[in-house]
Amino acid sequence: MKRTVLSLCLAACFAAVPVSLQAQDAGKALGGLFQNLLKPNQGGGGGLGLSLGGNNNAANAGNAVDLVGLLSQSLEQIDEPKEIEIGRQLSAVLLGAKPLHKDVALQRYVNRLGRWISLQSARPDLPWTFAVLDDTGFNAFAAPGGYIFITKGLVDAVADESELAGILAHEIHHVVGKHHLKAMRKTAQAGLLTKAIASQFSNNVQGMVSAQLLALGKDLYSKGLDQEDELDADRSGVALAARAGFDPYGLVAVLQQLRTAKPDNPVFTLTLSTHPATQVRLDQLEAAMGQRLDALAGQPSPSIPQRLARNAGR
């Protein structure tokens, strides 16, 4: 796709997204962007059944058991509404660790860019949501159901929009491939985590469910996904970014930058510890891409500040 055509597509996509954030101050806008993620689930159709209000402890205890039982089932038994609810809960874990960055224009841009790329994926109808965390680290995270987070440090580190698109496409494929659900299922099936939590919260159903979610989330994001899932997201992410009209070598450029990072640099510690060796990722991408995407490479791509300036002028 020509870069001029891509710009028109992006402009049309961005225009279709509500921009009510412009009428709010930065603090209120960012405070409300994910406010629903931080609210306890109110029950109702399609949810996980984690409603914890009222005095029916027997029913609530059953719901608490269902959480781990659900994650222990085959992925086919976790329908889309349940997947989205799990993602909402895990997003709350991430937001509890790092706040959203207060730059509303940046949040809007990343959200719209991510949505455009997600429309080219195999699951365009998910309620995709993208946001920037106020963190200097070199990291990006995904949660089931279409929730994607990228740190401000990583946004600042990319050279241009194609590199950011490659990162977002990588994370989008984690959701499309249900990689986090598979990792959580493996942890839940082990059973040890659940037994330890249950012994501490035997008389507190709400605390038990919250602790299960918190523990599963911390385990997931501190250990990372299976290496093959990461390599799969690299390969598929490159193809997805190209399908969305971006230089497919954007992600390659990010990985080349990561390859020079020192392991003891705290900015890169989590990424390096939760992903395969960077050279392995580059070698796998080279083998998968060959020269098949070379015709799509070399397109000029604006830097993030340039794109933000252009958006501000509209």
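Residue numbers (mature numbering (1 follows the signal peptide of the UniProt record, and there is no 0)): -23 to -1, 1 to 291.
C-beta: ideal position from N, C-alpha, C; glycine also.
- Item | Extent of the continuous alpha helix (DSSP H) to which Ile144 belongs | Within the sequence shown, numbered from 1, the residue matching residue 144 stands at position 167. From DSSP, the alpha helix (DSSP H) with Ile144 extends over 138 to 153.
- Query: By DSSP, does Ala120 sit in helix, in strand, or in coil?
  - Reply: Mapped onto the sequence shown, residue 120 falls at position 143. DSSP places Ala120 in strand when its eight states are reduced to three.
- Collapsed DSSP secondary structure at Thr237 in the structure displayed: Within the sequence shown, the letter at position 260 stands for residue 237. Three-state result, Thr237: coil.
- Message: Rounded to whole angstroms, what is the Cα-Cα separation between Leu71 and Phe118?
- Response: Walking along the sequence shown from the start, residue 71 turns up at place 94. Walking along the sequence shown from the start, residue 118 turns up at place 141. Distance between the alpha carbons of Leu71 and Phe118: 9 Å.
- Message: So the candidates are Leu249, Gly227, Tyr226; which of them puts its Cα closest to the Cα of Arg236?
- Response: Position 259 of the sequence shown, counted from the first residue, corresponds to residue 236. Comparing Cα positions, the closest option is Leu249.
- Item | Run of the beta strand (DSSP E) containing Leu110, from where it starts to where it stops | In the sequence shown, residue 110 corresponds to position 133, counting from 1. Unbroken beta strand (DSSP E) run through Leu110: 106 to 110.
- Task: Closer than 7 Å by C-beta to Leu285: which residues in its own chain qualify, once you throw out the five before and the five after it? Chain order, please.
- Result: To locate residue 285, count along the sequence shown from 1; it is residue 308. Same-chain partners within the cutoff: Ala82, Leu83, Tyr86.
- Message: Classify Asp133: buried if its beta carbon has 16 or more other beta carbons within 10 angstroms, exposed otherwise.
- Response: By one-based count along the sequence shown, residue 133 stands at place 156. Exposed is the call here.
- Expressed to the nearest angstrom, what Euclidean distance is found between the alpha-carbon atoms of Phe245 and Ala192? Looking up residue 245 in the sequence shown gives position 268. Looking up residue 192 in the sequence shown gives position 215. Approximately 23 Å between the Cα atoms of the pair.
- With Gln166 as the anchor, note down where its alpha helix (DSSP H) starts and where it stops. For the purposes of this step, residue 166 is identified with residue 189 of the sequence shown, where counting begins at 1. Residues 156 to 167.
- Query: Between the C-alpha atoms of Val257 and Lys239, what's the straight-line distance to the nearest angstrom?
  - Reply: Indexing the sequence shown from 1 puts residue 257 at position 280. Indexing the sequence shown from 1 puts residue 239 at position 262. For Val257 and Lys239, the gap between their C-alpha atoms comes out near 16 Å.
- Query: So the alpha helix (DSSP H) Arg85 belongs to, where does it begin and stop?
  - Reply: Locating residue 85 in the sequence shown gives position 108, where the first residue counts as 1. It spans 81 to 95 - the alpha helix (DSSP H) in which Arg85 sits, taken as one unbroken run.
- Quick one: using the 10 Å Cβ neighbour count with 16 as the cut-off for buried, is Ala272 buried or exposed? Here residue 272 is taken as the residue at index 295 of the sequence shown, counted from 1. The residue is exposed, with fewer than 16 neighbouring Cβ atoms inside 10 Å.
- Inter-residue spacing [alpha-carbon to alpha-carbon] between Pro104 and Ala265: Numbered from 1 along the sequence shown, position 127 holds the residue referred to as residue 104. Numbered from 1 along the sequence shown, position 288 holds the residue referred to as residue 265. The alpha-carbon atoms of Pro104 and Ala265 are separated by roughly 30 Å.
- Task: Assign Glu138 to buried or exposed, taking buried as 16 or more other Cβ atoms, counted over all protein chains shown, within 10 Å of its Cβ.
- Result: Locating residue 138 in the sequence shown gives position 161, counting from the first residue. So Glu138 ends up on the buried side.
- What is the DSSP secondary structure of Ile55, counted as helix, strand or coil? Against the sequence shown, residue 55 aligns to sequence position 78. In the structure shown, Ile55 sits in coil (DSSP, three-state: anything other than H, G, I, E or B).
- Span of the alpha helix (DSSP H), counted from its first residue to its last, around Thr251: Indexing the sequence shown from 1 puts residue 251 at position 274. Unbroken alpha helix (DSSP H) run through Thr251: 246 to 251.
- Message: Restricting to Cα atoms, I'd like to know which of Phe223, Asn288, Arg212 is closest to Leu262.
- Response: The residue you call residue 262 lines up with position 285 of the sequence shown. Minimum Cα distance to Leu262 is reached at Arg212.
- Message: I'd like the list of long-range same chain contacts for Met(-23), defined as Cβ closer than 7 Å, with 5 residues on each side in sequence excluded.
- Response: As a first step, residue -23 must be located in the sequence shown, where it is residue number 1. With a pLDDT of 40 at Met(-23), under the threshold of 50, the predicted position of this residue should be treated as unreliable, and no value is reported.
- Item | Inter-residue spacing [alpha-carbon to alpha-carbon] between Glu53 and Lys155 | In the sequence shown, counting from the first residue as 1, residue 53 sits at position 76. In the sequence shown, counting from the first residue as 1, residue 155 sits at position 178. Distance between the alpha carbons of Glu53 and Lys155 is about 11 Å.
- Would you give the residue range spanned by the alpha helix (DSSP H) that Val132 belongs to? Numbered from its first residue, the sequence shown carries residue 132 at position 155. Note, Val132: alpha helix (DSSP H), 129 to 134.
- Item | Cut-off 7 Å between Cβ atoms - residues of its own chain near Ala230, not counting five sequence neighbours on either side | As a first step, residue 230 is located in the sequence shown; it is residue number 253 there, counting from the start. Around Ala230: Ala136, Glu140.
- Task: Compute the Euclidean distance between the alpha carbons of Gly31 and Glu62, then round it to the nearest angstrom.
- Result: Taking the sequence shown and counting its residues from 1, the one referred to as residue 31 is at position 54. Taking the sequence shown and counting its residues from 1, the one referred to as residue 62 is at position 85. The pLDDT assigned to Gly31 is 34, lower than 50, so where the model puts this residue is not dependable, and the model offers no usable value.
- Query: What does a CB cutoff of less than 6 Å around Ala146 pick up in its chain, not counting 5 residues either side in sequence?
  - Reply: Here residue 146 refers to the residue found at position 169 when the sequence shown is read from its first residue. Excluding residues within five positions, the ones whose Cβ falls inside 6 Å are Ile94, Gly214, Leu217, Ala218.
- Simplified DSSP assignment, three categories, for Leu77: Counting from 1 along the sequence shown, the entry for residue 77 is found at position 100. Note: Leu77 maps to strand in three-state DSSP.
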